[in-house]
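Residue numbers (the UniProt record's numbering): 1 to 89.
Only one structure is covered here, and it is reproduced in the block below.
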C-alpha cells in the first residue's frame, strides 16, 4: 500500500478533520455516497473523470442550496449521466 492510499477507517478521521475545519455537519460529507459516485463514474466514463465529476456534483448541489437532498439529487444526476455514457449518440 502506498503512503497516499487510505484504509476505509482513515476516511472517517479525514471527514472529521474536514467537518471541524469547515464547520460541516455529519451528513454534509456522505462518505459512502461520494465513494459510490467516484466508482460509478470511474467505471462508466473513465477514472480521471471521477474527481472532476465529484467536484461538479458538489458545485451543482451547492448552487441548488446545499442540503443533503440537494447533494443526493446532484450525485444521482451525475451517476445517471455516467451510466449512459457509452450510449451517447
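Note that CB positions come from ideal geometry on N, CA and C, so glycine has one too.
Below 9 Å between beta carbons: does that hold for residue i and residue j?
{"i": "residue 78", "j": "residue 56", "result": "yes"}
{"i": "residue 50", "j": "residue 37", "result": "yes"}
{"i": "residue 85", "j": "residue 60", "result": "no"}
{"i": "residue 31", "j": "residue 75", "result": "no"}
{"i": "residue 89", "j": "residue 28", "result": "no"}
With a threshold of 9 Å between beta-carbons, can residue i be considered close to chain B, or not?
{"i": "residue 53", "result": "The structure shown contains no chain B; it holds only a single protein chain."}
Quick one: give me the first and last residue of the alpha helix (DSSP H) that residue i is part of.
{"i": "residue 113", "result": "It is not possible to answer for residue 113, since the shown part of the chain is limited to 1 through 89."}
{"i": "residue 41", "result": "31-44"}
{"i": "residue 73", "result": "68-83"}
Contact defined as beta carbons within less than 8 Å: I believe residue i pairs with residue j. What is the distance between those atoms, to the nearest angstrom?
{"i": "residue 41", "j": "residue 73", "result": "Actually they are not in contact, since the Cβ atoms of residue 41 and residue 73 sit about 16 Å apart, beyond 8 Å."}
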